[in-house]
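Letter 88 of the sequence shown, counting from 1, is numbered 88 in my numbering, and no numbers are missing. Glycine included, every Cβ here is placed at the ideal spot set by N, Cα and C. Treat the numbers as computed from the prediction; the structure is a model and nothing was measured.
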Amino acid sequence: MNNRYDTGDAGHGAGPYELVGYDEYGQPVYRQVPAQQAPQAQQAAYDPYAQQQGYGYDPYATGQQPPVPPYDSGRASGYDTYGTQAPYDPYGTGAHQTPGHDPYGQAATSGQQPRVTEQTAYIPQQAGPPQDPHAPAPHEQPHDEDERDYRTEQFAFAEEPDGDSEDVIDWLKFTENRTERREEARRRARSRIVALLVVLALVAVGGVGYLWYAGKLPGLSSSGSKPGADTAAGAQKRDVIVVHLHNTAKGGTSTALLVDNTTTKQGSTVLLPNSLDLSDDDGSTTTLAKSVDDDGSSGTRDQLDTVLGTNIQGTWRLDTPYLQNLVDLVGNIDIDTDTDVPDPDAKKKGAEPLVHKGGDQTLSGKMAVAYATYRASGESQNAQLERFGQVMQGVLRKLSSDPSSAVTTVQTLAQILDPPLTDKDLGTFLAKLAELAKSGAYKSALLPVQADGTLSAKTSDSVVKDILGGTAKSPDTGSAVRVSVQNATGVKDDTEKARVALLNGGFTFLEGGSGSGGQAASKVVYSDASHKSDATEVAKTLGLPAGSVAKGTVSSGADVSVVLGQDYRPSSS
């Protein structure tokens, strides 16, 4: 008959097996039940109904549950896959029925006998049982197997580490991190672009605002066709000092304004021609050169403020010896000279010039003074004035931009400054201009003056309004008769005596220079018949005969022209 390998040999009294643990591979390990338990296990009759209901089911309600054998993953609990159990036959007519088996016998009716399901135990280390040739094939299994009830506790699960799962997790993390980094990079790029656009917009708005404020937008500069341009230029803050260069060797003066525009960070030297008309305190008209000689520093400064609409903070009288010392203190200057300048100390004609014409010429103190005061025969005073401006800008480029060092340089000159200007004020002011000159934010400009000494609003806007921030206002020509006097007597002092006499008579004096050689008779000329009476009055004021009055050509800017001859006798008063 069937000799099952897991139940042991009946002849040897082998008993059932019980679970004692799991081996190193996670498989269940069983041991044989002791001998005293074997009879109880043998008493268990085959109950087809219990086989169909599953483990732990007692159709007779005996209240006793047999121990549940473990489930082997390779075999279904309660059914021998090797066919060692007899097929189910409820009527006991089968050929393989166990002798003495009664499906309705004592085990089923007593109610006291526990049902023990015949199940094949399996020890993993043992070899499988031999195949029973009479056992049904797997596809011929009894119908009851499909109706068995499997439960969770019948299965044993062994958790095996899966290396692939770790790789998948790492890959997912890498993909997620890379996506986040890309998104973060995009957000940063967008932020940078937005910030750049904001900065560019602010720069553009600031640039347009500055151009509008400075009056440099198209249509808002120069003649100022639109309102607000003058206000923008006038609102800029400027520090201004007037410099008078006195030629102690040959006489004469040269005047310039040093301007520091603290708003636009631009420095300038404005050159003022000596022919510029100024108005005295008594309302009479005079020239810049005469005002410097006669009225001194404070009087000329106030007159310039009136004519140019400026606010000059101080006057710097710079005699030629001090200019020479200043150039030597800063270590010579480098400028582009426009002409050869002869050496004033040369005793022979045709000697080597002291200053050569050319670009980037290095000038010492003596050379700088000679170049700044040089005026060739037949040249206008403006040519000499522009050379003076070159020397001043060259000095500023070499002067220290440190205020304390600049103050020390000024103090080293040991010159006496006109109040309220002090060494500290002048040194600090020059240091600011030196910084602008070194950075290239510095220029020189010549004030355009008409032949009659007046300023034209149209021609002076580029200097008076844009650089000085003022408004040109020449003396009122209708207040007094303008008289131009040319001295041909051969006596230098006669010009000054004639000026005093005319000013005392209520006339405006205009210097006409000195005539070549001596002239015997004096002349008083008028060009317009309306000024005939004025010419007659001028002759009386100067003590000239009435026959000296005649109609003719009058010098530019004057109502009456006078040529003093040797017959002129100035009054003793």
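Secondary structure of H531 (DSSP, three-state): helix.
Secondary-structure assignment with DSSP links E511 through a beta bridge to V485. For V292, the uninterrupted alpha helix (DSSP H) run begins and ends at 288 to 294, by DSSP. Contact check for V481 and L564: beta-carbon distance about 17 Å, past the 8 Å limit, so the pair fails to qualify.
For P570, there is no enclosing alpha helix (DSSP H), as DSSP marks it with neither H nor E. With three or more CB-CB distances shorter than 8 Å, the stretch 367 to 382 counts as touching the stretch 334 to 341. Counting the other Cβ atoms within 10 Å of the Cβ of N504 gives fewer than 16, which makes it exposed.
Taking a 10 Å sphere around the C-beta of L200, we find fewer than 16 other C-beta atoms and assign the residue as exposed.
By the beta-carbon neighbour count (other beta carbons within 10 angstroms, threshold 16), Y25 is exposed.
By the CB criterion at 9 Å, G453 and D277 fall inside the cutoff.
Separation of L272 and A256 (C-alpha to C-alpha, rounded to the nearest whole angstrom) is 6 Å. A351 sits in coil when the DSSP states are folded into three classes, being neither helix nor strand. Its chain contains G267, Y442 as the residues whose beta carbon lies nearer than 6 Å to that of L436, once the 5 sequence neighbours on both sides are disregarded; these appear in chain order. Taking a 10 Å sphere around the C-beta of V194, we find fewer than 16 other C-beta atoms and assign the residue as exposed. For P420, the CB contacts under 7 Å within the same chain, skipping 5 residues up- and downstream, are G314 in chain order.
Cα atoms of V500 and N382: separation of roughly 27 Å, rounded to the nearest angstrom.
Pairing G552 with A249, the inter-Cα distance amounts to about 39 Å. Using a Cβ distance threshold of 9 Å, V242 and I333 do not count as a contacting pair.
Scanning the stretch 367 to 414 from its first residue to its last, the whole alpha helix (DSSP H) runs of 4-plus residues come out as 381 to 398, 403 to 413. As DSSP reads the structure, D319 sits in a beta bridge with H246. S444 carries a strand assignment under DSSP once its states are collapsed to helix, strand and coil. About 16 Å separates the CB atoms of S548 and S555; that is not less than 8 Å, and the two are not in contact. Per DSSP, the continuous beta strand (DSSP E) segment holding A550 begins and ends at 549 to 551.
Residue environment for G469: buried (at least 16 other C-beta atoms within 10 angstroms of its C-beta). Taking 9 Å as the cut-off, the Cβ atoms of L510 and V524 do not count as close. Using a 10 angstroms sphere on the CB of E180, the tally of other CB atoms stays under 16, which defines it as exposed.
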